[in-house]
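*Asks:*
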Amino acid sequence: MGERKVLNRYFPPDFDPLLVPKRKYDPYKQVEVRMMIPFSLQCIKCGEYMYRGKKFNSRKEDVIGDDYLGIKKYRFYIKCCVCNNEIAFKTDPKNQDYVCESGAWSASFVFFASFALVAFFPSVAPSTLRPLVARPRARRRRRHGASRVAPPRRSAVCP
Numbered sequence: 002m003g004e005r006k007v008l009n010r011y012f013p014p015d016f017d018p019l020l021v022p023k024r025k026y027d028p029y030k031q032v033e034v035r036m037m038i039p040f041s042l043q044c045i046k047c048g049e050y051m052y053r054g055k056k057f058n059s060r061k062e063d064v065i066g067d068d069y070l071g072i073k074k075y076r077f078y079i080k081c082c083v084c085n086n087e088i089a090f091k092t093d094p095k096n097q098d099y100v101c102e103s104g105a106w107s108a109s110f111v112f113f114a115s116f117a118l119v120a121f122f123p124s125v126a127p128s129t130l131r132p133l134v135a136r137p138r139a140r141r142r143r144r145h146g147a148s149r150v151a152p153p154r155r156s157a158v159c160p
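For what it's worth, our numbering labels the leading residue of the sequence shown as 2, then goes sequentially.
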């Protein structure tokens with residue numbers, strides 16, 4: 002058992018590394034990977050929200066013929082946890098991000114689409130877009146923060 006833990010191995014004097022067969026690399030092969038989704042998304046089929054950081058078993062493949070400055074792009078396939086719809090997204094090294102290709106909407110899409118409406122249609126009042134833009138966490142914090150009442154102060158002297 003100790004012989005497999007050593008840092009160097011014995012090679013006989015007549016060993017020729019050129020005679021060792023090389024493994025064939027298949028660029029079309031998909032690899033099973035356990036990963037967390039890198040952005041929040043919503044399934045197109047059933048409307049289920051899947052938040053960033055949720056773990057999935059996914060299939061990973063190289064995007065053939067598509068690279069950015071020599072950096073490979075990868076495509077990932079996951080399944081919706083409710084309806085089993087297949088969702089595909091790929092890496093985008095140019096923008097250091099991911100691009101959702103099929104099966105789902107990126108949750109940030111709605112956020113940026115509302116800003117695009119304001120940019121292209123200045124006559125649209127930003128207050129009409131508030132439900133699209135407002136962050137639910139900030140709203141919750143404001144609502145609970147306003148209703149919170151400070152506890153009464155206790156005096157140091159006992160009555």
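Where a beta carbon is used, it is the ideal one built from N, C-alpha and C, also for glycine. Quantities reported herein were computed from a predicted structural model and do not represent experimental measurements.
Between the alpha carbons of Val7 and Pro18, how many angstroms are there, rounded?
*Replies:* Locating residue 7 in the sequence shown gives position 6, counting from the first residue. Locating residue 18 in the sequence shown gives position 17, counting from the first residue. Their Cα atoms are separated by approximately 20 Å.
*Asks:* My output table needs one value for Leu70: the three-state DSSP class, helix, strand or coil.
*Replies:* Walking along the sequence shown from the start, residue 70 turns up at place 69. In the structure shown, the three-state DSSP call for Leu70 is coil.
*Asks:* Out of curiosity, what's the CA-to-CA distance linking Arg76 and Lys46?
*Replies:* Locating residue 76 in the sequence shown gives position 75, counting from the first residue. Locating residue 46 in the sequence shown gives position 45, counting from the first residue. So the two alpha carbons sit approximately 20 Å from each other.
*Asks:* With a cut-off of 8 Å, do at least 3 Cβ pairs link the stretch 40-59 to the stretch 77-96?
*Replies:* Judged by Cβ distances under 8 Å, the stretch 40-59 makes contact with the stretch 77-96, as three or more pairs qualify.
*Asks:* If contacts are defined as beta-carbon pairs under 8 Å, then Lys74 and Asp67 qualify, I think. What distance do you get, rounded to the angstrom?
*Replies:* Residue 74 sits at position 73 when you count from the first residue of the sequence shown. Residue 67 sits at position 66 when you count from the first residue of the sequence shown. Lys74 to Asp67, Cβ: 5 Å. Contact.
*Asks:* Determine which residues share a DSSP beta bridge with Val1 and list them.
*Replies:* Lying outside 2 to 160, the shown extent of the chain, residue 1 is not represented and no answer is given.
*Asks:* Between which residues of its own chain and Val34 is the CB-CB distance below 6 Å, once the five residues before and five after are set aside?
*Replies:* The sequence position of residue 34 within the sequence shown is 33, counting from 1. Once the five neighbours on either side are set aside, the close Cβ partners of Val34 are Ser59 and Lys61.
*Asks:* Drop a sphere of 10 angstroms on the beta-carbon of Cys81, count the other beta-carbons inside from all chains shown, and report buried for 16 or more, exposed for fewer.
*Replies:* As a first step, residue 81 must be located in the sequence shown, where it is residue number 80. Burial call: buried.
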